[in-house]
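The block underneath contains the structure these notes are about, expressed in structure tokens.
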Amino acid sequence: VGFAGYPDVASGLQAVADGDIDAFVYDRPLLRYLLRGDLGDRLRLVPGSFGRQDYGFALPQGSALREPVNRAILQHIESRDWSNELTRVLGKEE
Numbered sequence: 003v004g005f006a007g008y009p010d011v012a013s014g015l016q017a018v019a020d021g022d023i024d025a026f027v028y029d030r031p032l033l034r035y036l037l038r039g040d041l042g043d044r045l046r047l048v049p050g051s052f053g054r055q056d057y058g059f060a061l062p063q064g065s066a067l068r069e070p071v072n073r074a075i076l077q078h079i080e081s082r083d084w085s086n087e088l089t090r091v092l093g094k095e096e
């Protein structure tokens, strides 16, 4: 049984669609985005994850921008606009 690698996410998703494999594991937001296309009619994203992945912004050490950038990001991601934008770009979370 085990697992196999694929050269890119599109190849992995196509392998699921073709019935060559039962499941494909990848970054959830990217899968949500890609399944909005043609394969979204044939495949579905199941709930759950193997672990949280965070993203970040790099600034020079001691940057005066750190505090204002952190505040702006937090303010934005707590807004309804952020939630609406995620749904628009990635599709509805199932």
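FYI, in this note's numbering the residues of the sequence shown are 3 to 96.
Note that beta-carbon positions come from the ideal geometry of N, C-alpha and C, so glycine has one too.
As the structure is a prediction and not an experimental result, all values here were calculated from the model.
Limits of the unbroken alpha helix (DSSP H) element including Ser85: 82–92 is the extent of the alpha helix (DSSP H) around Ser85.
Straight-line Cα distance separating Leu61 from Ile23: Cα atoms of Ile23 and Leu61: separation of roughly 42 Å, rounded to the nearest angstrom.
Does the stretch 12–28 touch the stretch 38–47, meaning 3 or more C-beta pairs lie closer than 8 Å? Pairwise C-beta distances place the stretch 38–47 in contact with the stretch 12–28, as three or more of them are shorter than 8 Å.
According to the Cβ coordinates, are Phe52 and Ile75 closer than 9 Å? No, Cβ-Cβ distance for Phe52 and Ile75 is not below 9 Å.
Going by alpha carbons, who is nearest to Phe5 out of Gly93, Ser81, Phe26, Ala19? Looking at Gly93, Ser81, Phe26, Ala19, the one whose alpha-carbon comes closest to that of Phe5 is Phe26.
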